[in-house]
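Down below is the structure, laid out as structure tokens.
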Ligand code: UD1
């Protein structure tokens, strides 16, 4: 099993370019189910989640091929509505195939979606919305099965602004008969990126970036080309790593507009962050503890909660970190404690007391972002840190070790 082996890093210095967003690319790939024509996604990151989505789509009869750095997909020969490969269980985003399959074929069968073990992660909101549009569901042999004789537009209220449910319903509504109104929709920028692609394919969607989205279904969608947004979570992770080492780093392509809460918290903690046309530049110094609550966009992203916690482990004073989005997203805590962190957890709240030093240890990446947190901790810890189970990290970061190495960090990937 591959692992990262690292030593304490000098302050990170230099510049690196941010990849395109995994969480934008995955729903874009699901769009291939909606049309006979070719879809081109430029600069699609080479991640295991992207490969897993490609495997699932191929199983459905969608042609998926690499074209340089991009992906070309074509759903002209879509033949079945069953995505039963193991890949579906590895990745939460597999559920995004439900809506488009029901819209295009009137049937869908999908292994219960997996992904990071960070909470119960039900799919009730996806099902509720698709049911309102006329689909019926059953659960058999670990699979969700859906059927519909032509989806019809409906009014759906999401009790929580779920990113995945909003995307699934947009994908389904684009081809449904009549008008769908999604109230309480997620406002994450990856949702807006999906809306932009669907519009290019001919979908009629109003309310970009709003919590009320209106979709007027059309009989068919056509091919399109898109370049997904830069990955705000990768950018945020690198910002936090640079600040934690007291470094000076330019992140090319990072968009300040999508990282407002993270930049604000870093500044409150004592780091300097400036944005210009090239991207974002961060300069670290002595850091103070800050309180952070994860919230839906534009609040502090839950995906950066674990790396933020790792940074706060060595900040001066006490920090209170509250996780509002997922109920079990503190899996990094026992691992950080092995490195000498002082963290007390009560339910959804963690109290972090800054310590003088962390110490290298053998730890394991329990999920994607917890893994990123351990990398950040390893950069600042005395001695050697060995991180196992990095397959989790590679689901969402193209070459985190390579990016950090180019900024001066002594980190290696060992197969
Ligand atoms: C997406 C992101 C993930 C991010 C999350 C929140 C992708 C591929 N993944 O995940 O990186 O951490 O948004 O920003 O884009 N929920 C329900 N019922 C549902 C659906 C969700 O109760 O039917 C709950 C979840 O259990 C969770 C919360 O809503 O507690 C947020 O989930 P959601 O916004 O759906 O996250 P994902 O789309 O899975």
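Residue numbers (my numbering): 36 to 450. By construction, the Cβ of each residue, glycine as well, lies at the ideal position given by its N, Cα and C atoms. All figures in this text were calculated on a predicted structure; none of them were measured in a lab.
Three-state class that DSSP yields for residue i in the structure shown
i, result
"residue 41", "strand"
"residue 354", "strand"
"residue 245", "coil"
"residue 77", "coil"
"residue 136", "helix"
"residue 263", "coil"
"residue 167", "helix"
"residue 290", "coil"
"residue 67", "helix"
"residue 161", "helix"
"residue 49", "strand"
"residue 276", "helix"
"residue 401", "coil"
"residue 437", "helix"
"residue 338", "helix"
"residue 193", "coil"
Beta-carbon proximity check, residue i vs residue j, cutoff 9 Å
i, j, result
"residue 198", "residue 226", "yes"
"residue 204", "residue 50", "no"
"residue 193", "residue 211", "no"
"residue 392", "residue 323", "no"
"residue 351", "residue 375", "no"
"residue 46", "residue 282", "yes"
"residue 132", "residue 95", "yes"
"residue 216", "residue 189", "yes"
Own chain partners of residue i with C-beta closer than 7 Å, once the 5 adjacent residues on each side are dropped
i, result
"residue 137", "143, 165, 170, 181, 183, 186 and 207"
"residue 259", "74, 232, 235 and 236"
"residue 335", "296, 297, 300, 327, 328 and 329"
Pairwise C-alpha distance: residue j and residue i
i, j, result
"residue 277", "residue 318", "7 Å"
"residue 109", "residue 420", "44 Å"
"residue 417", "residue 201", "44 Å"
"residue 37", "residue 423", "7 Å"
"residue 43", "residue 395", "8 Å"
"residue 333", "residue 293", "8 Å"
"residue 301", "residue 371", "20 Å"
"residue 252", "residue 310", "39 Å"
"residue 168", "residue 80", "33 Å"
"residue 238", "residue 100", "24 Å"
"residue 222", "residue 240", "14 Å"
"residue 191", "residue 218", "6 Å"
"residue 153", "residue 362", "A caution first: residue 153 carries a pLDDT of 47, below 50, which makes its placement in the model unreliable, though a value can still be read off. So the alpha carbons of these two residues sit roughly 7 Å apart."
"residue 402", "residue 339", "13 Å"
"residue 261", "residue 228", "9 Å"
C-beta neighbour in chain B for residue i, strict 9 Å
i, result
"residue 406", "Included in the structure is just one protein chain, with no chain B present."
Same chain, Cβ closer than 6 Å to residue i, five either side skipped, listed in chain order
i, result
"residue 451", "The structure shown does not extend to residue 451, since the chain is modelled only from 36 through 450, so no value can be given for it."
"residue 405", "341, 366 and 367"
"residue 160", "193, 197 and 200"
"residue 356", "327, 344 and 385"
"residue 173", "180"
Close beta carbons around residue i, own chain, < 8 Å, minus the five adjacent residues each side
i, result
"residue 97", "67, 68, 108, 109, 110, 112 and 113"
Q. So does the stretch 86–94 actually touch the stretch 56–69, counting three or more Cβ pairs closer than 8 Å?
A. yes
Q) How do the stretch 406–415 and the stretch 244–262 stand: do at least 3 beta-carbon pairs fall below 8 Å, yes or no? A) no
Q. Counting Cβ pairs closer than 8 Å, one from the stretch 263–277 and one from the stretch 428–444, do we hit at least three?
A. yes
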